[in-house]
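A.B. asks: If you count the sequence shown from 1, you need to add 21 to reach this note's numbering.
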Amino acid sequence: MSKPLELIINGARGRMGQTLIACAAGDPDLHIFAAIDVGDDFAAAVSGADVVIDFSHHSSVEPVLARCMEKHKTLVIGTTGHTDNQVSTIRHAASQIPIVFAPNYSVGVNTLFWLTRKAAEILGPGFDLEVIEMHHRLKKDAPSGTAKRLVEILAEVRNLKYKDDARHGRQGMVGERTDAEIGVHAMRGGDVVGDHTVIYAAQGERVELTHRASSRETFARGALRAALWAHGKPAGLYDMQDVLGLK
Numbered sequence: 022m023s024k025p026l027e028l029i030i031n032g033a034r035g036r037m038g039q040t041l042i043a044c045a046a047g048d049p050d051l052h053i054f055a056a057i058d059v060g061d062d063f064a065a066a067v068s069g070a071d072v073v074i075d076f077s078h079h080s081s082v083e084p085v086l087a088r089c090m091e092k093h094k095t096l097v098i099g100t101t102g103h104t105d106n107q108v109s110t111i112r113h114a115a116s117q118i119p120i121v122f123a124p125n126y127s128v129g130v131n132t133l134f135w136l137t138r139k140a141a142e143i144l145g146p147g148f149d150l151e152v153i154e155m156h157h158r159l160k161k162d163a164p165s166g167t168a169k170r171l172v173e174i175l176a177e178v179r180n181l182k183y184k185d186d187a188r189h190g191r192q193g194m195v196g197e198r199t200d201a202e203i204g205v206h207a208m209r210g211g212d213v214v215g216d217h218t219v220i221y222a223a224q225g226e227r228v229e230l231t232h233r234a235s236s237r238e239t240f241a242r243g244a245l246r247a248a249l250w251a252h253g254k255p256a257g258l259y260d261m262q263d264v265l266g267l268k
């Protein structure tokens, strides 16, 4: 690049924000134009940046989108737990600016997404599907955005729907497992950065795909890679599968 990409990190004082700043500092193609958090003037800073990376909180997505659309800035959304209305707002904004919106920015996790789909296609309907995730005790949403996306991928292959066919844990006399349901289970404890396992279980055999993150740097480096990739792209809604060329 002729000059470094100018970035705004929104949510800069959080764990991911601090990791993004540290990782960007070692990359000559990147420069932190502004590190923004609660109480800072996000609107005033936007005009001077090339790309906004938002790892604040999903409740802030509407004003972030509004400012990015107003100034025609590329946006990388790293928050999770969005409502259906917020997702609709994101999709609308993507008709005007390039947006990368992914449940997880890890290269390894996005490889897991790809493998999850392929394994479900190859193994076929004779395998029961379950997803297990574990995160640190401070995580607020459950299941994780990554686990939800894994279930969505499995549902797409089976022609099912997350809303109708996901089973969030089981308790009491729930009866036998149906062929349609996809189990999803969230565990919380300690300082676990993020573990995800997809289980395909049949009579006599079981296949498991697992990704374990031991550092937030893997997510930060993926988000920075997404920012470099998305800058200059036409308006549209992209994810890490696009960034990595896995589609």
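The beta carbon of each residue, even a glycine, is placed where N, CA and C say it ideally should be.
Given the structure is predicted, the values throughout are model-derived calculations rather than measurements.
Is there contact here, the stretch 253-268 with the stretch 224-236, by at least three beta-carbon pairs under 8 Å?
C.D. replies: No: fewer than three Cβ pairs fall under 8 Å.
A.B. asks: Look at the alpha carbon of Q192 and the alpha carbon of D162, and state the distance between them as a whole number of angstroms.
C.D. replies: The residue labelled residue 192 in the question sits at position 171 within the sequence shown. The residue labelled residue 162 in the question sits at position 141 within the sequence shown. Those two C-alpha atoms are separated by around 20 Å.
A.B. asks: Which complete alpha helix (DSSP H) runs does the stretch 169-255 hold, if anything under 4 residues is left out?
C.D. replies: Counting whole runs of 4 or more residues, the stretch 169-255 contains the alpha helix (DSSP H) stretches 183-186 and 238-251.
A.B. asks: Using alpha carbons as the reference points, say which of E226, D48 and I203 lies closest to L150.
C.D. replies: Taking the sequence shown and counting its residues from 1, one reaches residue 150 at position 129. For the residues E226, D48 and I203, the minimum Cα distance to L150 belongs to I203.
A.B. asks: Measuring straight from C-alpha to C-alpha, what distance separates F13 and P146?
C.D. replies: Because the chain here runs from 22 to 268, residue 13 falls outside it and cannot be looked at.
A.B. asks: Under 6 Å Cβ to Cβ from L171, same chain only, skipping five residues before and after it: list those, please.
C.D. replies: Mapped onto the sequence shown, residue 171 falls at position 150. If we look at L171 and ignore the five residues flanking it on each side, its Cβ neighbours are T137, V152 and V219.
A.B. asks: Is it the case that the Cβ atoms of G190 and H206 are separated by a distance below 7 Å?
C.D. replies: By one-based count along the sequence shown, residue 190 stands at place 169. By one-based count along the sequence shown, residue 206 stands at place 185. Going by C-beta atoms, G190 is nearer than 7 Å to H206.
A.B. asks: Give the DSSP-derived three-state secondary structure of P119 in the structure shown.
C.D. replies: Position 98 of the sequence shown holds residue 119. If DSSP states are grouped into helix, strand and coil, P119 belongs with the strands.
A.B. asks: With a threshold of 16 other CB atoms inside 10 Å of the CB of P84, please say whether the residue is buried or exposed.
C.D. replies: Taking the sequence shown and counting its residues from 1, one reaches residue 84 at position 63. When all chains shown are included, P84 counts as exposed.
A.B. asks: Using a Cβ-Cβ cut-off of 7 Å (strictly less than) and excluding sequence neighbours within five positions of R246, which residues of its own chain qualify?
C.D. replies: Indexing the sequence shown from 1 puts residue 246 at position 225. Answer for R246: V264, listed in chain order.
A.B. asks: So who's on the other strand from N31, going by DSSP bridges?
C.D. replies: What you label residue 31 is simply residue 10 of the sequence shown in a count that begins at 1. Its beta-bridge partners are I57 and D75.
A.B. asks: Taking 7 Å as the cut-off, decide whether the C-beta atoms of A87 and D58 are in contact.
C.D. replies: Residue numbering aside, residue 87 sits at position 66 when the sequence shown is read from its first letter. Residue numbering aside, residue 58 sits at position 37 when the sequence shown is read from its first letter. No. Outside cutoff.
A.B. asks: Could you tell me the alpha carbon to alpha carbon distance between A241 and F76, rounded to whole angstroms?
C.D. replies: As a first step, residue 241 is located in the sequence shown; it is residue number 220 there, counting from the start. As a first step, residue 76 is located in the sequence shown; it is residue number 55 there, counting from the start. Distance between the alpha carbons of A241 and F76: 10 Å.
A.B. asks: Does the Cβ of T100 have 16 or more other Cβ atoms within 10 Å, making it buried, or fewer, making it exposed?
C.D. replies: Here residue 100 is taken as the residue at index 79 of the sequence shown, counted from 1. The residue in question, T100, is buried, as its Cβ has 16 or more Cβ neighbours within 10 Å.
A.B. asks: Compare the C-alpha of A115 against each of G266, L267, A251 and K268 and name the closest.
C.D. replies: Mapped onto the sequence shown, residue 115 falls at position 94. If we check each option's Cα against that of A115, A251 comes out closest.
A.B. asks: Taking all protein chains shown into account, do 16 or more other C-beta atoms lie within 10 angstroms of the C-beta of E197, making it buried, or fewer, making it exposed?
C.D. replies: Position 176 of the sequence shown, counted from the first residue, corresponds to residue 197. Per the 10 Å Cβ criterion, exposed.
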